[in-house]
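Residue numbers for the sequence shown follow our numbering, so the first one is 2 and each next one is one higher.
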Amino acid sequence: MCQTCGCALPDQLQQTSNEHDVHTVEVLEGLKAHNDEAARHNRHHFDRAGLLVVNLMSSPGAGKTRLLEATIEALGDRYRLAVIEGDLETENDARRIRARGVPAVQITTGSACHLDATMVHRAAHALPLDTLDILFIENVGNLVCPASFDLGQHANVTLLSTPEGDDKPLKYPVMFRSSDLVLVTKTDLLAVLDDFDVDAVAEHMHRLASTAPVMALSSKSGPLDAWLEWLEASLAERRRPAFRPVPHGEGACLLPRSPGLA
Numbered sequence: 002m003c004q005t006c007g008c009a010l011p012d013q014l015q016q017t018s019n020e021h022d023v024h025t026v027e028v029l030e031g032l033k034a035h036n037d038e039a040a041r042h043n044r045h046h047f048d049r050a051g052l053l054v055v056n057l058m059s060s061p062g063a064g065k066t067r068l069l070e071a072t073i074e075a076l077g078d079r080y081r082l083a084v085i086e087g088d089l090e091t092e093n094d095a096r097r098i099r100a101r102g103v104p105a106v107q108i109t110t111g112s113a114c115h116l117d118a119t120m121v122h123r124a125a126h127a128l129p130l131d132t133l134d135i136l137f138i139e140n141v142g143n144l145v146c147p148a149s150f151d152l153g154q155h156a157n158v159t160l161l162s163t164p165e166g167d168d169k170p171l172k173y174p175v176m177f178r179s180s181d182l183v184l185v186t187k188t189d190l191l192a193v194l195d196d197f198d199v200d201a202v203a204e205h206m207h208r209l210a211s212t213a214p215v216m217a218l219s220s221k222s223g224p225l226d227a228w229l230e231w232l233e234a235s236l237a238e239r240r241r242p243a244f245r246p247v248p249h250g251e252g253a254c255l256l257p258r259s260p261g262l263a
């Protein structure tokens, strides 16, 4: 548990046993409420700018930054991309993204094991949101805490690399239940990893009652087609004109009047 942020606060709070526990729960509830309000504020900014915001989550070393580099290489000529990077220390990942010609803002969290909505809000103000198509948030490497904090994103994508084992959805159900898409990465290693089953990952997601699709790819050797198509379809959905009913009293009624109605 992160001692300063309350990331272990359960969705259903159990009955507390003493006054200290009651105070702790009240503090944690306040932290979550503040974060959720900041997330709604972020989402308002993102929606107004008309961009797609994707939160990338995984354990350390699953290949989030490498996936971003490959995505930039594939889509950088057609879409305007930017990245918010989260790590405890260093600007290593942000430098890698900037080297690809894409703006990146590094958030160093110190001891915090995840990003929160306030951190993302500050970073977003350093980016030209109105000129972007897709904003990626690369969360801190951690399969526990990031799942509990809304950042204002439109989609959660969780990476699971083949060296980690195919049982991670069952071991970390909160993370994988919160996913809109699961990417099995480093599939180029499957030739030497005889104990990883991509189909098993999909079965585990089904056991979690998740409908999130599972895609397998290698950022090193490809193919990335399914991932890129998912991104483009998600962006198109974000920009699809929303249905707006005609306000009462405005416009002509196109339906025939029923007998006896004025």
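Even for Gly, the Cβ is constructed at its ideal location relative to N, Cα and C.
| Item | Value |
| --- | --- |
| Top-ranked residue by Cα proximity to alanine 83, from Asp226, Ser222, Asn56 | Asn56 |
| Nearest residue (CA-CA) to tyrosine 173, options Phe197, His205, Gln154 | His205 |
| Rounded Cβ spacing between leucine 161 and serine 59 (contact assumed at less than 8 angstroms) | 7 angstroms |
| Length at least 4, wholly inside the segment 152–223: the alpha helix (DSSP H) runs in chain order | 169–172, 174–178, 199–208 |
| Residue environment, alanine 39, which counts as buried when at least 16 other CB atoms sit within 10 Å | buried |
| Spatially closest choice to leucine 191 from Ser222, Gly62, His42, Phe177, by CA coordinates | Ser222 |
| CB contact flag (methionine 176, valine 145, <9 angstroms) | yes |
| When Glu92, Arg49, Gly166 are compared against threonine 109, the one with the closest alpha-carbon | Glu92 |
| Of the residues Glu30, Gly153, Ser180, Ala50, the one placed nearest threonine 212, counting alpha carbons only | Ser180 |
| Beta-carbon proximity check, valine 158 vs leucine 182, cutoff 9 angstroms | yes |
| Reduced DSSP secondary structure (H/G/I, E/B, other) of aspartate 88 | strand |
| Buried versus exposed call for aspartate 226 [16 or more other C-beta atoms within 10 Å across all chains shown] | exposed |
| Counted within 10 angstroms of its Cβ, other Cβ atoms place serine 220 as buried (16 or more) or exposed | buried |
| Segment limits, alpha helix (DSSP H) that includes threonine 110 | Looking at the DSSP string, threonine 110 is not in any alpha helix (DSSP H), and its letter there is neither H nor E. |
| Beta-carbon contacts of aspartate 37 that lie in its chain and below 8 angstroms, excluding the five residues immediately before and after | Ala118, Asp151 |
| Unbroken alpha helix (DSSP H) run spanning asparagine 140, endpoints | Neither: asparagine 140 is in no alpha helix (DSSP H) and is coded neither H nor E. |
| Close-in-space but distant-in-sequence residues of the same chain around arginine 99 (CB under 7 angstroms, 5 per side omitted) | Ala105 |
| Within 9 angstroms, strictly: CB atoms of tryptophan 228 and leucine 68 | yes |
| Buried versus exposed, by CB contacts within 10 Å (16 or more), glutamate 238 | exposed |
| Coarse secondary structure for alanine 227, derived from DSSP in three states | helix |
| Check whether leucine 76 and isoleucine 135 have beta carbons under 9 angstroms apart | yes |
| Cβ distance (whole Å) where alanine 125 is taken to contact histidine 46 below 8 angstroms | 6 angstroms |
| Beta-carbon proximity of histidine 122 to glycine 153, cut-off 9 angstroms | yes |
| Per-residue DSSP class, three states only, for leucine 53 | strand |
| Backbone CA spacing between glycine 64 and alanine 71 [nearest angstrom] | 11 angstroms |
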